[in-house]
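Contents: one structure, followed by commentary.
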DNA sequence: TAAAAAATACCTGATTACAGGTAGCTTATA
DNA sequence: TATAAGCTACCTGTAATCAGGTATTTTTTA
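Residue numbers (full-length UniProt numbering), protein chains in the order written: chain E, 1 to 210; chain X, 1 to 210.
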């Protein structure tokens, strides 16, 4: 029986993958078994049984890390997910943890932190790299309220709004009725309790929704 | 005589440093001679003569990459500077190049891109990793002219707009006439050649104006 | 497969933003 | 001290957004 921890990496930065592989190449506890540069590549795996933990980049080219985390935990609850990012954004950290992630690491974390966090995540702990810990400690009840998520259509429309497109232009681009886009816009404003498009975009950017 | 290219890394991500060192460990052309995790560590070197190129992270804990680049090029013009970042922000790319950097690489770039860019930067070329190239190619005459800067009043109003405040609310907050705020809004849209407030805010954020 | 969520579409009225022009006053700066 | 740049303010008309309600169809999920 093999008792090493089997870790896969999902990150679109080849350098990070290289670095992690070197880091754990001599480890008898942790083995990097595979690495993927996109979410879809990862999900295309044949089997997920032999995975103990996923080191997951928060910003991937095809999906955002929160959605990836949700999908992994839904389909393979035995897999621990450790989020990695270059920046520590409170809202993203919170959403990750809320959706089942075992922790959040900054890529600027030291090598020892990586090892420590992976091992402790496997033991069921919620782990953060040092800088993130400080942020997490500052979290108030205010931050704990759920941030509504965007549906596929809503995301499309939000991105077009961000580009300065008008309701009519968005309708033309997405082949929808002007009235449908109007409805989506209204739903978005209600959903996030904002008063206009400018505030909506600002909120969406700050919370990593687009 | 030694003809290898001597490269130093300035980056606060240990993983990236590891990755780059591995990447070039077998190279006969490129040698990583040193690495630093902050700008001040780098500037504390005894001598800069033996450096051909600096791989410079744009976001460092103590200084921003643009200022580091300016200092390097001022004190040691013979050193080529290659900027590295996780994100491709047009305004930062432009400012880097304007201040003497030889190129801009995304950390998500492939290993081959890193090699290619370092070698060509040494030959005096301006180099970009693939994704960045696309962005740079999109730079139109619109972007090449200097980005207009915000006046004090305009900045106040832009920030309030970002918060979702209406023209009337902004007028109340700043003790101005509704009509005055209207004029400022119009000037802002003209100045940045955008069509509406959403686009304005997006532009301002992307270009570090607010 | 039934229930819930998402996407689609329409109507109406009120509010706000956008676009054009004009102009006096203040504050830097050449 | 000119001259430019910035700030202030007004008028008018058009276009777009916001806010309320309703409702059918499709897709997802329990």
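Ideal Cβ positions, reconstructed from N, Cα and C, are used throughout, including at glycine.
Please check if any C-beta of chain X sits within less than 8 Å of the C-beta of residue i.
| i | result |
| --- | --- |
| residue 80 of chain E | no |
| residue 13 of chain E | yes |
| residue 142 of chain E | Residue placement at residue 142 of chain E is poorly supported in this model, since its pLDDT is 45, which falls under 50; the coordinates are not used for a value here. |
| residue 111 of chain E | yes |
| residue 103 of chain E | no |
| residue 93 of chain E | no |
| residue 199 of chain E | yes |
| residue 23 of chain E | yes |
| residue 16 of chain E | yes |
| residue 5 of chain E | no |
Between residue i and chain E, is any beta-carbon pair separated by less than 8 Å?
| i | result |
| --- | --- |
| residue 108 of chain X | yes |
| residue 162 of chain X | yes |
| residue 223 of chain X | With chain X running from 1 to 210 in the structure shown, residue 223 of chain X is simply not present. |
| residue 196 of chain X | yes |
| residue 86 of chain X | yes |
| residue 1 of chain X | The predicted model places residue 1 of chain X with a pLDDT of 42, which falls under 50 and marks its position as unreliable; any figure quoted below should be read in that light. No, its Cβ sits nowhere closer than 8 Å to a Cβ of chain E. |
| residue 72 of chain X | no |
| residue 19 of chain X | yes |
Please confirm whether residue i and residue j have their CB atoms less than 8 Å apart.
| i | j | result |
| --- | --- | --- |
| residue 194 of chain E | residue 161 of chain X | no |
| residue 24 of chain E | residue 16 of chain E | no |
| residue 188 of chain X | residue 156 of chain X | no |
| residue 158 of chain E | residue 111 of chain E | no |
| residue 136 of chain X | residue 93 of chain X | yes |
| residue 22 of chain E | residue 22 of chain X | yes |
| residue 7 of chain X | residue 97 of chain X | no |
| residue 167 of chain X | residue 185 of chain X | yes |
| residue 225 of chain E | residue 33 of chain E | An answer regarding residue 225 of chain E cannot be provided, because it is not within the stretch 1 to 210 covered by chain E. |
| residue 19 of chain X | residue 19 of chain E | yes |
| residue 206 of chain X | residue 89 of chain X | yes |
| residue 192 of chain X | residue 203 of chain X | yes |
Could you give the DSSP three-state label for residue i: helix, strand or coil?
| i | result |
| --- | --- |
| residue 8 of chain X | strand |
| residue 20 of chain E | helix |
| residue 216 of chain X | Because chain X spans 1 through 210 in this model, residue 216 of chain X falls outside it and cannot be assessed. |
| residue 123 of chain X | coil |
| residue 50 of chain X | coil |
| residue 91 of chain X | helix |
| residue 27 of chain X | coil |
| residue 140 of chain X | A caution first: residue 140 of chain X carries a pLDDT of 46, below 50, which makes its placement in the model too unreliable to give a value. |
| residue 63 of chain E | coil |
| residue 109 of chain E | coil |
| residue 44 of chain X | coil |
| residue 32 of chain E | strand |
| residue 85 of chain X | strand |
Let me check you understand the geometry: is the CB of residue i closer than 7 Å to at least one non-hydrogen atom of the ligand PLP?
| i | result |
| --- | --- |
| residue 46 of chain X | Summarising the ligand content, the structure contains no ligands, and the ligand PLP is consequently not present. |
- Do the segment 56 to 63 of chain E and the segment 4 to 17 of chain E make contact, defined as three or more Cβ pairs closer than 8 Å? The segment 56 to 63 of chain E vs the segment 4 to 17 of chain E: in contact.
- Are the segment 121 to 131 of chain E and the segment 91 to 109 of chain E touching by the rule of at least three beta carbon pairs closer than 8 Å? yes
- At least three beta-carbon pairs within less than 8 Å, the segment 70 to 79 of chain X to the segment 120 to 127 of chain X: no
- Message: Is it the case that the segment 81 to 92 of chain E contacts the segment 62 to 69 of chain E, given that we only count it when at least three CB pairs across the two stretches are under 8 Å?
- Response: yes
- Item | Whole runs of the alpha helix (DSSP H) within the UniProt domain "HTH luxR-type" (143 to 208) of chain X, excluding any shorter than 4 residues | 152 to 162, 167 to 174, 178 to 191, 197 to 206
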